[in-house]
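**Student:**
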Amino acid sequence: MAGTLVLPAVGLAREPDAWRVASGAVGIAAFALVLAVALYAAVTPGPAGGLRRRLRYAYAGVTVLSVPLVAPVAGDAWPTWAWLGAAVVGGVPLLAPFRLVVPVALVAVAVSVAVAGATGPSVGRSLLVTGVLGLGIAAVNGFQVWFWRLLVQAEQGRAAQARLVAAQERLRFAADVHDLLGHHLTVIALKAELAARLAPDDPERAGREAAEAQRLAATALTELRRTVHGYRRVDLAEQLTAVGEVLRSSGVRCTVVPPAGELPPEAATQLAAVLREAGTNVLRHSRAGWCRIEISQEEDVARMTVTNDGVTVPAAPDRHSHGLRGLADRLAVAGGQLHTRCADGVFTVEATVPTAA
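Using the numbering used here, the final residue of the sequence shown is 358, and nothing's skipped along the way.
#1: Could you name each continuous alpha helix (DSSP H) segment of 4 residues or more that falls completely within the stretch 224-271, going from the start of the chain to the end?
#2: I want to know whether the stretch 72-88 touches the stretch 109-129 - three or more CB-CB distances under 8 Å.
#3: May I ask you to report which of helix, strand or coil DSSP gives glutamate 299?
#4: Please classify leucine 339: does DSSP put it in a helix, a strand, or coil?
#5: Can you grab the Cα-Cα spacing for the pair threonine 281 / valine 302, in whole Å?
#6: May I ask whether a heavy atom of the ligand SAH can be found less than 7 Å away from the beta carbon of leucine 225?
#7: With a 10 Å radius around its C-beta and 16 neighbouring C-beta atoms as the bar for buried, classify glutamate 210 as buried or exposed.
#8: Kindly indicate which three-state DSSP category tryptophan 20 falls into: helix, strand or coil?
#9: Label valine 334 either buried or exposed according to how many other C-beta atoms from any shown protein chain fall within 10 Å of its C-beta, with 16 as the threshold for buried.
#10: Report yes if the CB atom of valine 244 is closer than 8 Å to the CB atom of leucine 276, and no otherwise.
#11: Please give the ranges of any alpha helix (DSSP H) in the stretch 64-144, keeping only runs that are unbroken, at least 4 residues long and fully inside the region.
#12: Go to threonine 349, then tell me how far its beta strand (DSSP E) extends in each direction, as first and last residue.
#13: Helix, strand or coil for alanine 10 per DSSP?
#14: If you run the structure through DSSP and keep just helix, strand and coil, what is threonine 308?
#15: Rounded to the nearest angstrom, what separates glycine 51 and arginine 21 at their Cα positions?
Quick look at the structure:
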């Protein structure tokens, strides 16, 4: 594509007339500017429809304007507009459906032949340059645009899947809390209503009912705390299986190396929290093709390493999210450490926690 913008400039070097050189330079520069904006719009996810429509009008406008400005350049010494016509055909997939390439190519070839007949270059050469080369560039650009949009959709799908997993977990927790508190609150409300009705006539029984409501409230609070505590103590083996399945379903080759033995509950809970956050980051912040999760126990320390490729931006400490920074603080309280590093596009999260009582 760049060559078809450079080759028309060759005609400027072969044109003796200064006015034609100036007009040709203006025409080529205007087309190059619109083409650059079209390329930016093609690789930018979801540009506004109004912008694409205006770019199409601008693309058609500079193409039409290039005929009187560029066609006379170099006369019979160089097919200047034929090369520009190839760029016009090749740029169509950036702004319009690929099915429009052939009609645009036919119009561009007709203009190229007419320009060649009027200014002197070889008609056959102009036809070959504009038609064959233009269609070849259009095919390459069309494939690249299609492939880029496929990558963008895949990345958006990964992010949506990560959000869905988090939403499902929140809904599951909300359902459990609803089931837990619903019964207790219903009974407490009935007890309080009964105590209010009995208070004028039977204060002693009303007091017993009020005390029962108070006991139920304390029980509900205890069970709620146990539920929340249970969610914090996620089973590490289940978490390894869940993260591995989610990554594999997203097209990431995931290798899981579990610990040789059973880890202490507190250490397993801390590592499960790190694993959950690291797995989410693989989906959200990389284009990983593979991921390796390895957990080992060395003397009084349990170590987990999560490594993945597909990182395109050099890492800064804890650059991925506030979640990793929060986990680092949480591990520090428990006597553990969290480290992240990036080298050659490979990102590593390493967490260590003590296993001694």
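Beta carbons: idealized from backbone N, C-alpha and C, even for Gly.
**Tutor:** Concretely, from the data shown:
#1: Qualifying alpha helix (DSSP H) stretches, in chain order: 237-250.
#2: By the Cβ test, the stretch 72-88 is in contact with the stretch 109-129, since at least three Cβ pairs between them sit closer than 8 Å.
#3: Strand.
#4: Residue state, collapsed to three classes: strand.
#5: If I take the Cα positions, the gap works out to 25 Å.
#6: In the structure shown, the ligand SAH is absent, as is every other ligand, since no ligand is present at all.
#7: Burial check for glutamate 210: the Cβ neighbour count within 10 Å reaches 16 or more, so the residue is buried.
#8: Tryptophan 20 sits in a helix when the DSSP states are folded into three classes.
#9: Exposed is the call here.
#10: The Cβ atoms of valine 244 and leucine 276 sit closer than 8 Å to each other.
#11: Within the stretch 64-144, the complete alpha helix (DSSP H) runs of at least 4 residues are 81-91, 102-120 and 124-128.
#12: Note, threonine 349: beta strand (DSSP E), 347-355.
#13: Residue state, collapsed to three classes: helix.
#14: In the structure shown, threonine 308 sits in a strand (DSSP, three-state: E or B).
#15: Using only the alpha carbons, I get a separation of about 35 Å.
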